[in-house]
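Every letter in the sequence shown is one number past the one before it in the UniProt record's numbering, and letter 310, counting from 1, is 310. To start, the structure itself, in structure tokens.
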Amino acid sequence: MYRFGPANNVMQTCGTAFFGIRCLNFDQPIRFKNFETPLMRNIAPKKGKLRELAFLHNTPLGKHASQELQEKLRELEQASREASLEDLRHLESTRPDSPHPALPYDILEESLKKPLSEELVPEEPILKKAMPRKFNRKRRTSEVPVPEPTGVKNPPEEDLPDDFSEFSSDGTDTKAGDTEAQTPSDISVAAENIDVVSILETSQTHTISEKYDLILLVAHESTLNEVRVSKSILAHSSDQIDEMLCARPTRWCTRDSRRMQYIELKGDLTAVLTTLNILHFRAGDNLYNLDFDMVRRIAVVCESYSWYQSIYPWPRIWLKKYKDDAKTPGYEDWLYISQVFRAAADEKRELLKLLSIVCKPSPGHYIDRSGKRISTQIWPAADLEEILHARWSKIRRIIDTLRTVYKPFRDTDEKAIKELCGDPVCLYVARGSLLSSLTENDLFKFVEVENAKSWAQIWGKTAYRLSPDAWNGSVLDLLELVRKVSLITLKERVPGHECKMEGVLKDIHEFKI
1 MYRFGPANNV MQTCGTAFFG IRCLNFDQPI RFKNFETPLM RNIAPKKGKL
51 RELAFLHNTP LGKHASQELQ EKLRELEQAS REASLEDLRH LESTRPDSPH
101 PALPYDILEE SLKKPLSEEL VPEEPILKKA MPRKFNRKRR TSEVPVPEPT
151 GVKNPPEEDL PDDFSEFSSD GTDTKAGDTE AQTPSDISVA AENIDVVSIL
201 ETSQTHTISE KYDLILLVAH ESTLNEVRVS KSILAHSSDQ IDEMLCARPT
251 RWCTRDSRRM QYIELKGDLT AVLTTLNILH FRAGDNLYNL DFDMVRRIAV
301 VCESYSWYQS IYPWPRIWLK KYKDDAKTPG YEDWLYISQV FRAAADEKRE
351 LLKLLSIVCK PSPGHYIDRS GKRISTQIWP AADLEEILHA RWSKIRRIID
401 TLRTVYKPFR DTDEKAIKEL CGDPVCLYVA RGSLLSSLTE NDLFKFVEVE
451 NAKSWAQIWG KTAYRLSPDA WNGSVLDLLE LVRKVSLITL KERVPGHECK
501 MEGVLKDIHE FKI
């Protein structure tokens, strides 16, 4: 209940007659904090009239004066209710250090800190730095305590640097409840939702063009970086960037007292800066000496924003530099780089063939090469499928050749057995040595023995056959094991013995992939 001095009984019947205004008596002015609206301009001139009516309260005309005062207060209350809260906030956004109150009573709390004798002094409008309300409220330094509503817990307040200008959409301030603060993620994360607190604490500035009129926000390793570039150059660099610049709603910020647009990009910061320098005609000799990892990261950025044509001919220079190293372990991502930078088909085909021979599948988006796991997450899906299919085809050819070699030894047809050697002793010796060699090299499981169960019983194992999918190693590893298979004949023991056993293993020893 607000009181107006001697007219206390009248004020008690009016309740909260004013919209965020409090007067202790008529000798003190109505006060506001950085706040002026059409409603306030209408109320202020009537201040003297209300004071005059209050003094008449103890006169014979007091009753009439009280009634007239009640009518005036009702008019002011009705006018305050009709005022638009949206207009009040918009007017307040042009003032510095605005708290952007969610309720007008925040203005009342701030105004109570001032001495009661302080008059309303009009302030010159100053260009307001757009700042979300949640992080724009500074800590109270007044010694006068302000009571908090019961059961309501205020959010923690942050001290903000004076020289920081926050970002807004369409030139307006971000209100409480419009967006929720989110923590920026890494490169595999989206930089679409940016935590304002992180911007304040870790923002770094990189100027690519001195005549910049566009701000790029690049989130990298939990740090939000501000890159200043030319909007016209970026708009012509690729259709994808042009669409981002034309997207609605447009987001604006203030830099050097200028209002300009900002957008968000993803990717490695160094790769983004290198690409932007090329686009702004600031390429240096250091681009000739980029290491392979940096070329790969630039390829990721160029694929994300369709910048391949815009940075030509640098991709051709990098491809030529690392072409000879493509088959070396550690340079497997050349497959991805060649896809992005449009390498020649024959160069790519050689690498695909090599990877199908030396690599094996690994859990997740990986393949294994010589005991080292290699990520395939950025590889083209068609190329990865081609590698795995070529690997499976080569393994199947090797296993089929091995089964062909073993088939005469498991065949129950006596005629087919005698074609190899007419001496049964030589046949048994060769068969036994071959089975022993297959078992020793862990290849017996791939040999079909379903028609010779007796041999499985002799060796104390269950006869079974596995498909090429059962081999988890590389093609090169399987070929090395197959070439170790051997057999023994009587030729080594009996002088002058001749048979066809010598040429049985020729096919697998001379197998070519």
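Note that the Cβ used here is the ideal one computed from N, Cα and C, for glycine as well. For clarity, every value in this text was computed on a predicted model and none was experimentally measured.
Inside the segment 278-364, DSSP marks whole alpha helix (DSSP H) runs of 4 or more residues at positions 292-305, 314-322, 334-340 and 345-358, from first to last along the chain.
DSSP places Q204 within a strand segment (E or B) once states are collapsed to three. Its Cα nearest to that of L487, the residue K506 stands out among K506, P495, L319 and S474. For S474, the closest C-alpha among the options F444, T489, L435 and K394 is that of K394.
The C-alpha of L352 is placed about 10 Å away from the C-alpha of L388. A Cβ-Cβ contact shorter than 8 Å links D213 with S230. The segment 472-498 is shown to contain whole alpha helix (DSSP H) runs of 4 or more residues at 475-482, in chain order. Secondary structure note for Q240: its alpha helix (DSSP H) is the uninterrupted segment D239 to C246. Around the beta carbon of Y406, 16 or more other beta carbons sit within 10 angstroms, so the residue counts as buried. The segment 438-448 and the segment 353-367 do not touch, with fewer than three beta-carbon pairs separated by less than 8 Å. Here A343 is buried, its C-beta having at least 16 other C-beta atoms within 10 Å. Spanning the alpha carbons of Q309 and C302 requires a straight line of approximately 9 Å. Beta bridge pairing from DSSP links A219 with L224. The residue from C253, C246, T254 and H280 with its alpha-carbon nearest to that of E210 is H280. In the displayed model, K500 falls within a helix according to three-state DSSP. If only uninterrupted alpha helix (DSSP H) runs of at least 4 residues are considered, those enclosed by the segment 397-446 are 414-420 and 424-440. For Y336 and D291, the gap between their C-alpha atoms comes out near 16 Å.
Membership of K506 in the alpha helix (DSSP H) is indicated by the continuous run K506 to H509. Rounded to the nearest whole angstrom, the C-alpha separation of G371 and G422 is 47 Å. Taking all protein chains in view, the Cβ of E332 is crowded by 16 or more other Cβ atoms within 10 Å, so the residue is classified as buried. Per DSSP, E264 is one residue of the beta strand (DSSP E) stretching across R258 to L265.
Here H509 is exposed. Its C-beta has fewer than 16 other C-beta atoms within 10 Å.
In this structure, DSSP gives S393 a helical state, which the three-state scheme calls helix. The C-beta distance from K500 to L420 rounds to 5 Å, short enough to meet the 8 Å contact threshold.
Counting of Cβ neighbours within 10 angstroms places V494 among the exposed residues, the total staying below 16. If you look at D368, you'll find it in the beta strand (DSSP E) that goes Y366 to R369.
Excluding five sequence positions before and after L481, the CB atoms of its chain that fall closer than 8 Å to its own CB belong to N441, D442 and L443, given in chain order. Looking at the DSSP output, T254 bridges to R259.
Annotation: R391 to W252 spans about 53 Å, alpha carbon to alpha carbon.
Counting C-beta atoms within 10 angstroms of its own C-beta, N225 has 16 or more neighbours from the protein chains shown and is therefore classed as buried.
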